[in-house]
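Chains as they are written, first to last, in numbering that gives the first Met the number 0: chain R, 0 to 286; chain H, 0 to 286; chain Y, 0 to 286.
Notes for the one structure printed next.
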Amino acid sequence: MANVLRNSAKFGFSGVLSQLSIHSRHGRECVSPCFSLQQRNNSTSPKIKVDLDSSTGVAVLRMQSPPVNSLSLDFLTEFCINLEKLEMDRSCRGLIITSTLSKVFSAGLDIMEMYGKSPERCGEFWKAVQEMWLKLYGSNMATIAAINGSSPAGGCLMSIGCDYRIMVDNPRYSIGLNETQLGIVAPFWFKDTLVNTVGNRAAELSLELGLLYSAPDALKIGLVDQLVPEDQVLSTAQDTMSKWLAIPDHARQIDQCVYIIYNTSPLPLDHARQMDQCVISVCIYYI
Amino acid sequence: MANVLRNSAKFGFSGVLSQLSIHSRHGRECVSPCFSLQQRNNSTSPKIKVDLDSSTGVAVLRMQSPPVNSLSLDFLTEFCINLEKLEMDRSCRGLIITSTLSKVFSAGLDIMEMYGKSPERCGEFWKAVQEMWLKLYGSNMATIAAINGSSPAGGCLMSIGCDYRIMVDNPRYSIGLNETQLGIVAPFWFKDTLVNTVGNRAAELSLELGLLYSAPDALKIGLVDQLVPEDQVLSTAQDTMSKWLAIPDHARQIDQCVYIIYNTSPLPLDHARQMDQCVISVCIYYI
Amino acid sequence: MANVLRNSAKFGFSGVLSQLSIHSRHGRECVSPCFSLQQRNNSTSPKIKVDLDSSTGVAVLRMQSPPVNSLSLDFLTEFCINLEKLEMDRSCRGLIITSTLSKVFSAGLDIMEMYGKSPERCGEFWKAVQEMWLKLYGSNMATIAAINGSSPAGGCLMSIGCDYRIMVDNPRYSIGLNETQLGIVAPFWFKDTLVNTVGNRAAELSLELGLLYSAPDALKIGLVDQLVPEDQVLSTAQDTMSKWLAIPDHARQIDQCVYIIYNTSPLPLDHARQMDQCVISVCIYYI
């Protein structure tokens, strides 16, 4: 795995992050015309391709950054911009994330971004990682990871940031937060998300030993929800999405908010406050 | 399920709630003679029937409000008054809750109470729902739900508010917090109780998709503890109760308190403070 | 079980605890020469025997206090002193805890310490119990319990304070926090540790009913991680330890810290602050 990460993409800093207003989770009402326009064009880009089916309201986001969809600052920035566009597009209710590469979903954080960089640059990189997590985990869309290959470390974080995980039934594909094996500490919001997914003890063993799980083992501990043959992963994701979209958006979204606020202690304040407000309006009768 | 709920009882406001002093969880010492007297008579009422076996100290509370034991304000008020009487009766140590109706334990909250009502009335209704939960979940009695029929939404909340759940082994009976399917958001104390019962991930999927589980599936995720044939549900509950009552009351009760305080974040302050006091007296040696 | 406890060791107060500076979790840097010296000698003592293999960095701590390794104040004091020595010894990275007695790991707290004693003495005893738990649960070493016999109550607490549990595959050996059966309330940090190990619902049933689990049942609910034949428990512990020590110490230790701070609410303040500091230094990029 370490080798995979070391061989991964080494893209430089593109400066695109500056286009991203970090705390701009406006309601879905205030759609910027410019963003909408780009969205309607189903804008493509070197590292990520988004297709929105306006008849179903479901977007498929394909990661296509060879060799292993490393999460470089460049990649993350593009990912977040696309996510934000979809989030603000009223016609989009569901998001499926998958990979165009053979055998890999995402190899996780680009280790070169943490090697020999200035503290400022490191900070910028980690901010982008956290932003990806916040946008996914706090998304108003129903989100499904169609995991069609290995998904270690940051790739696993991206997966568990989604509402549901469908993985290819192939024991050679693995998934897990294996940071500890590389001597890196998984931040506590990685841990929170993993605990919320597989429970405390499995998460504890998993993080302290940096375990990677084969697809069948991942299903056993609940790290993924379902295994399917390789050629059915996307169609199953589409079928599952239609079940999620049968639930009234508002009820599902607020249920999610309640989860995130109470189950993840150390959320950045601005974000937590935004979510608190949406919950407070629901709870007015209950206290 | 929506149909079941829509066809459910539509009883008006009876005003009985005003007889209930909401924050009156006195210790079991200060039994009012009047309440005790009524208790000895095993008072019956249109919607709920209570039989206390003074030789075993076990009361059976039967819900008998056709067609589906809907939790109207009327029903909840009667339920809470009966619970409070038993709680204050020193001779009662255990409570079994069941239904006299065929095929249904309780269909949950009476949806008519939330439709076209004033905010004040809605507030009164939700206060009664919360009061039911507080009284059950915080009860000093050992409590067992003998679930002899379907138990969606509020019926499920009532069940998971008990210490133990025995359900009829019939796949046609279902249980779950399916509020989201109706576009209603389950309050966070519903969520807390469900998470405490089945763990976080199962609760998350369950709430966001509003899932109803057949009895066998409910056993699989731990939403109920045991399945038995229909004609054995009450006798099994009695047998199980004798195991619970073999434990010294004081130790079991304080263990429960510790649970409720630390596992359910948003308890109303008065209630939390009362329980804190009982814990503080235990913890005096440990800090 | 009550009988076992009543027949257990009745050692008086030895005054050794005063040699223990309760809040002295100095970093591993400031090793006192005196402690180091004793350590190098692999000091033995009546109740506990420690062997440190300097080639592997793994210490084996053997409890050898007949008849049942009761946790008296004496025993706990000796246990904590040994733990502290190992903790401060840079050459020791892993600790295996086991028993030299036949059929019993540890019968738990010495009940005579809680019977007819002054509040001051009780306080001293409970402080020592908590100190054992803090030292184990917060240890920088990888810790494995090689459970070669029954392990009720405090013996179970000692086991779940370790990172990993290997038990003899013998249904006659049992483990569990059965305090409630004796009318004693398990303190909330017992509960926290159990919930972290087996999840909330299993812990709740377990504590409220004071359940003891046979080895196979303990494996089923996750109270132990692995069962092996009696003659392989120590060798398996050694093999497992080498896997834990393959992980960079620093990453594993901080992962543990993150766990303890966020998952155990009521830690004594001094201890929590020390751990907070180590986490804050890691999290500097993430907030």
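In this text, a Cβ means the ideal position worked out from N, Cα and C, and glycines have one as well.
| Helix or strand or just coil, what does DSSP make of R:Lys219? | helix
| task | Thinking H:Gly107 and R:Ile246 are a contact (beta carbons under 8 Å), I'd like their distance in whole angstroms, please. | result | With a Cβ gap of about 18 Å, H:Gly107 and R:Ile246 do not count as contacting.
| task | Could you check if R:Tyr172 is buried or exposed, using at least 16 other CB atoms within 10 Å of its CB as the buried criterion? | result | buried
| request: Within its chain, find whatever has a CB closer than 8 Å to the CB of H:Pro215; leave out the 5 residues flanking it on each side and keep chain order. | output: Asp168, Pro170, Leu226
| chain R residues whose Cβ lies nearer than 7 Å to that of Y:Thr196 | Arg200
| Going along chain R, which residues have a C-beta under 9 Å from H:Leu208? | Lys242, Trp243, Ala245, Ile246, Arg251
| Is there at least one Cβ from chain Y nearer than 8 Å to H:Pro162's Cβ? | Before going further, note that residue 162 of chain H is Asp rather than Pro in the sequence given. Output row for H:Asp162: interface = yes.
| field | CB of R:Asn195 within 8 Å of CB of H:Asn199, strictly | value | yes
| Who are Y:Asp50's beta bridge partners in DSSP? | Y:Val59
| request: Measure the C-alpha to C-alpha separation of H:Asp224 and H:Thr239 and round it to an integer number of angstroms. | output: 11 Å
| field | Candidates R:Ile183, R:Ser149, R:Asn177, R:Met131, of which the one nearest R:Cys161 by Cα | value | R:Met131
| field | 6 Å CB neighbourhood of Y:Lys102 in its chain, flanking five on each side removed | value | Gly148
| Would you call the CB atoms of H:Thr179 and H:Glu207 closer than 8 Å? | yes
| Residue interval of the beta strand (DSSP E) (run including R:Val167) | 163-167
| said: According to DSSP, simplified to helix, strand and coil, what is R:Val103? | reply: strand
| Can you find a CB in chain H that lies within less than 8 Å of the CB of R:Gly221? | yes
| said: With a threshold of 8 Å, are at least 3 pairs of Cβ atoms found where one atom belongs to the stretch 184-192 of chain Y and the other to the stretch 108-121 of chain Y? | reply: no
| query | When the Cα atoms are used, what is the spatial distance from Y:Val281 to H:Ser69? | reply | The predicted model places Y:Val281 with a pLDDT of 32, which falls under 50 and marks its position as unreliable; any figure quoted below should be read in that light. Their Cα atoms are separated by approximately 53 Å.
| query | Just reading off the beta strand (DSSP E) that H:Gln231 is part of, what are its end residues? | reply | Note, H:Gln231: premise wrong, no beta strand (DSSP E); not H, not E.
| said: Mapping the DSSP letters down to three states, classify H:Ser205 as helix, strand or coil. | reply: helix
| request: Measuring alpha carbon to alpha carbon, tell me which of R:Asn177, R:Lys84, R:Met140 ends up nearest R:Leu156. | output: R:Asn177
| message | If distances are taken between C-alpha atoms only, which option among H:Ser71, H:Gly93, H:Ile253 comes closest to Y:Gly182? | response | H:Ile253
| Same chain, Cβ closer than 7 Å to Y:Phe78, five either side skipped, listed in chain order | Ile47, Met131
| Given H:Lys190, which residues of its chain have a CB within under 7 Å of its CB, disregarding the five upstream and five downstream residues? | Ala202, Leu206
| query | Looking at the unbroken beta strand (DSSP E) that takes in Y:Ser90, where does it start and where does it end? | reply | Y:Ser90 -> no beta strand (DSSP E), and no H or E assigned at all.
| said: Alpha carbons only, please: which of Y:Lys126, Y:Ile95, Y:Tyr212, Y:Leu222 is nearest the one belonging to Y:Leu75? | reply: Y:Lys126
| task | Can you give me the start and stop residues for the beta strand (DSSP E) that H:Leu226 sits inside? | result | 225-227
| query | Is there at least one Cβ from chain R nearer than 8 Å to H:Thr179's Cβ? | reply | yes
| By how many angstroms is the C-alpha of Y:Ile110 removed from the C-alpha of H:Asn243? | The amino acid at residue 243 of chain H is misidentified as Asn; the sequence shows Trp. Their backbone Cα atoms lie some 23 Å apart in a straight line.
| message | Judging by CA-CA distance, which residue of Y:Leu135, Y:Tyr212, Y:Ala236 is the nearest neighbour of Y:Ile165? | response | Y:Ala236
| query | The beta strand (DSSP E) spanning R:Thr293 covers which residue range? | reply | Since the first residue of chain R shown is 0 and the last is 286, residue 293 of chain R is not available in this structure.
| request: Output yes if chain R places a C-beta closer than 8 Å to the C-beta of H:Gly115; else output no. | output: no
| task | Would you identify the three-state DSSP class for R:Thr97, choosing helix, strand or coil? | result | strand
| query | For R:Ile110 and chain Y, any beta-carbon pair shorter than 8 Å? | reply | no
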